[in-house]
Each structure stands twice: as structure tokens, then as C-alpha cells.
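Counting in the working numbering, the sequence shown runs from 1200 upward without gaps.
Below you'll find the structure, written out as C-alpha cells, and then a few comments.
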Amino acid sequence: MEIHLPSLPMMEIFSYLDAYSLLQAAQVNKNWNELASSDVLWRKLCQKRWFYCNMVTLQLLGKETWKEFFIYRTWQEHAKSRAKPEDFIYKEIPAEYGIQAYACYISEHGLTRNGQGRSVICMATSMNRISTWDIHEGVLTWVSTEQPASIKLLTTLPEMHIAVTVDMESTIKLWDCHNSEALATNSLLSPCQSLKAVITKDGPIVLIGDTLGNLYIFRIPDLHLISKLKVFPYGISELYCSPQKKWIFLNRKHPHILPKVFYMSSLLRTSEFSAPVSTDLKFSLCQRAFWTPRREDRITLMSIRGPKKIKKFITFDMELEKVGNKITVKEHFFASFSLQNYEERPEWYGVSDKDVIVCSTRFSLLLFDINGHCLQAFQYYPEQILRLWVDPLHVIVSCNDGSLDVYVWEERSQQLNKCYRLQYSKRLPSSGLINKTLSDDVSIIQVITIRATPCFLMAFILKSALEN
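The structure is reproduced here in C-alpha cells:
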């Protein structure tokens, strides 16, 4: 005998379920299937997983229901996880095109609406130009005019097919990567040290930290200056936004300067806030920081301390507090640990959405929970790990023999599963370094440097995993 509970209490219960549990609930009976397929529930899951769902309609996404979009987009995300080495093709852009270490995706996800793969990257070149390349076809698709000064930094906004550059003369330029000339320009009074373009709830912006410790915020697309703020007495060396751009982390690697976290809205809505809202994180000598994916308010920091170069990790939760008409930011210590019992120092690290910290040494890949308990260890020998890419779905390990190991995070545990190894046809020379690793749904790209000079860009592109 079936028991039918009222719809409103059932919807409230279902709102606490994840996607996997909601799909299971939909199989109980017809009534549960109707409730568990509600657009209200699935839109919230989509907005939590993909921030851009806050700003688009289902019509723009090409789907009829949010459940349909969630299932389809998740299937797309796991294209690399389902693949095998033979599903990839190899492409290479050699040095004669003057590539530099600055390479960013300008295509969103590497997938079009019909599921076909198309990864496009934007690169700065040694000839004072920027260009875009269709990696799948291996062809140049656009190039700018030659600029009067060398390009120092490059960032992209794939959702809008926009690139932003800063040159050695501190000139900011915004490009649509279709016209040969920039759409907008502006200038800084001091050299740029950090650059990021993001989409916030208040619109797209460019964030710039200069060598004097100032933070600039410019509006896209006209590069109008929204605000300028003195943050540190010295330059801003690191700038990271939280997943949904609620917070911005700023850092200067200095023993007497603490990193800061600002509430983004207080920097953008200057008429609503008498002063920027921020807090200091009590953790000096911070080397790197990583916001927890799909968890807006949690950040993990890493430092290297003492003559033995011991690495320490600390995790904070950020919270807004309102007292009367005043809004403040409060950081709450969550967990910390030190890596003291390892002969090799971890060089790269990242964080999963299940609070797992993944580190790489030269000969091992290590997983810890945020209290320092070792969860997994993968050994590497004779090859050595050169670089680590970590995102909410995958961990990609780059080795000195030109190979790539692709791992996937397990959906319902704190473990990694190794999927496969991709092998570059040549062994990297002893002086070869992987300057940068990029990955989207259908490609993995690496910029190879030899003797400190960018030499070539190599890419593995998924060719068959999207056909079914």
C-alpha cells in the first residue's frame, strides 16, 4: 500500500538531496517521480554546480528542463573519464609561431551545444601579438595586429569569448578575438603583477593587482574603472576568486603581511558600502591558496616554514556578519596540519569539493583529508612528476617522460581512480619543463619550455568519446 505524503513537505525533503539521490527517489513511484523531477529542485542543483546557470535560461542552454540539462552537462563533463587512450589524437604547435607561456582557453568547456568538441585557446606571442588556435583542427583562427609593447599578462573570459592583456607599458586592452584591434583600452600608473577576468552577479569585470599593492577593478566591455583600493604596502602577487565570485583572496608573499579576503559586492557596489569589507587571515608566508570547488566560503592556504621547509596547510571558512547596519567578514579556523614526515616536499597541490587535499612530490601523488590523514598514495618511478592539474572532476599528472596520467574524483568518496595514461611520442629533454597545463572537457594542453624558452604547445584532444 502506497503512502502519499503532502507535496510541500516532500519537496522540502527532496531539496536536501544531491542529484544521485534525487534520481533514485524518482524511481519509487509516479508521484515521487513528478516531484523529484521538479525544475525548482534541479535548477538549484545546476546553479550550485555551474555558476553561469544563474544568468542564463534553458532556451539559451538548448534544453527543455533543468533536470535534462544537469544530466546532459554532467555527461559532457565526464567525457574524459569515460575515454581510453586510443580516443585521443595528438596535436602540436611548434616554436616558429612564437608562443609564450601565456595560454588560456577562450572556448567554454570545449563543447558546443550539439556535443561536438571544439577547444580554442588564446596565446600571447613573442611578436607582440595575441592569437587564437582551434586545437582540434590545429589551425590559427585569429591574430591581432602587432602591438607597440610586449604583452606581459593575458587572461580570458571564455563565457564571453573575450581576452584581456596588459603590456610592459601597463596598458590594458580588451579583445573580442574577432577584430584585429582592441575593443577598449585603459592604463595603469604602475606595473601590473596579477590579472584576472571574471563574471560576478554584478556583471563581468577585470581585476588587476599592481606592484604598489593597489587593486583595480574595471568594467567589461569598456574598461571603465569601477574602484581602486590600496591593499598592501607592496605588490599583490596572488589573486583568487571564490567559485561564485562572492570573495576575492589577495596575497603578498611576505613574512609581515597577512593575506586578505574581501567581500566582492563591497568593491563593486561602492554606493552601498561606506568602505570595502574584508578580513585578514592569520597565516603568514602564504605560498598558495585554493578555494574549495562548489563550496563558496571555504579556502585552504599553504605555507613553507623554517629551515627544513616544512609545508603547512590551514583551512578557513568565511562568513558575513551583520551588526546593525554594518556588514563585516569573519574568518573561522576549520582545520590545519603540517607535512613533517615526508622526505620530499610537495611541489603542487589542489583541493576537491570533498575537502581532500592532493599533493605531488617528484615521485608520489598524495591525498590527505584536511586534518592531515593520508587517504591515498600513488608512487612514480622512474618517471618524475613535473606538474599537477586539479579541477572538480579530474587530477592530471604530467611527468618528465612526456606522459599524462588522468585520474577522476569518485563521486561519493574521498578517493581518486586512475583512468589511463596518455603518452607523448617523444621524451622531453632533460632541460624541458612543463610551464603550464590546461584542461577542459575534451582536451589537455601543455606549454613546454626548454632552457627557459617556450618551445612548443602539445595537446591531446578527445576525438570519439562524444559520439554516443
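Where is the CB? At the ideal position from N, CA and C, for every residue including glycine.
Item                                                                                                                          : Value
As assigned by DSSP and simplified to three states, the class of residue 1569                                                 : coil
Beta strand (DSSP E) segment containing residue 1532, residue limits                                                          : 1525-1538
DSSP bridge partner residues for residue 1451 (one or two, in chain order)                                                    : Answer is none; residue 1451 lacks a bridge partner.
For residue 1638: DSSP bridge partner residues                                                                                : 1643
Whether residue 1418 touches residue 1405 by CB criterion (9 Å)                                                               : yes
Spatial neighbours of residue 1486 in its chain, beta-carbon cut-off 6 Å, leaving aside the 5 residues before and after       : 1501, 1502, 1503
Beta-carbon proximity list for residue 1580, same chain, < 7 Å, skipping 5 on both sides                                      : 1562
Buried versus exposed call for residue 1599 [16 or more other C-beta atoms within 10 Å across all chains shown]               : buried
Helix, strand or coil at residue 1208 according to DSSP, with G and I counted as helix                                        : helix
contact_flag[the stretch 1592-1606, the stretch 1529-1539] where n(CB pairs < 8 Å) is 3 or more                               : no
Distance, residue 1622 Cα to residue 1601 Cα                                                                                  : 6 Å
Assigned secondary structure, residue 1376 (DSSP; H/G/I helix, E/B strand, else coil)                                         : coil
C-alpha distance - residue 1224 paired with residue 1263, whole-angstrom precision                                            : 21 Å
Bridge partner(s) assigned by DSSP for residue 1593                                                                           : 1607
Within 9 Å, strictly: CB atoms of residue 1568 and residue 1613                                                               : yes
Cα-Cα separation between residue 1659 and residue 1398, rounded to whole angstroms                                            : 28 Å
Start and end residues, beta strand (DSSP E) containing residue 1323                                                          : 1319-1324
The ligand NAD heavy atom lying under 8 Å from the CB of residue 1578                                                         : Within the structure as shown, the ligand NAD is missing, as the structure has no ligands at all.
Minimum C-alpha distance to residue 1385 - residue among 1415, 1375, 1428, 1215                                               : 1415
Assigned exposure category for residue 1322 - 16 Cβ within 10 Å defines buried                                                : buried
Boundaries of the beta strand (DSSP E) in which residue 1486 is found, first to last residue                                  : 1485-1490
As assigned by DSSP and simplified to three states, the class of residue 1553                                                 : coil
Beta-ladder partner(s) of residue 1253, from DSSP                                                                             : Answer is none; residue 1253 lacks a bridge partner.
Proximity to residue 1499 [Cα-Cα], best of 1527, 1523, 1440                                                                   : 1440
Limits of the unbroken beta strand (DSSP E) element including residue 1385                                                    : 1383-1386
Buried versus exposed, by CB contacts within 10 Å (16 or more), residue 1292                                                  : buried
Backbone secondary structure at residue 1343 - three-state DSSP                                                               : coil
Cα-Cα separation between residue 1311 and residue 1494, rounded to whole angstroms                                            : Any reading at residue 1311 must be qualified, since the residue scores a pLDDT of 48, below 50, and its modelled position is unreliable; no value is offered.
Residue from 1459, 1356, 1289, 1211 whose Cα sits closest to the Cα of residue 1438                                           : 1459
Alpha-carbon spacing of residue 1307 relative to residue 1213, whole angstroms                                                : 31 Å
Cα-Cα separation, residue 1237 to residue 1231                                                                                : 10 Å
Candidates 1267, 1290, 1483: closest to residue 1661 by CA position                                                           : 1290
Helix, strand or coil at residue 1369 according to DSSP, with G and I counted as helix                                        : coil
Whole-angstrom distance between residue 1387 and residue 1355, CA atom to CA atom                                             : 19 Å
Residue 1290, DSSP secondary structure in three states                                                                        : strand
Neighbourhood of residue 1216 by C-beta distance below 6 Å, restricted to the same chain and skipping five residues each side : none
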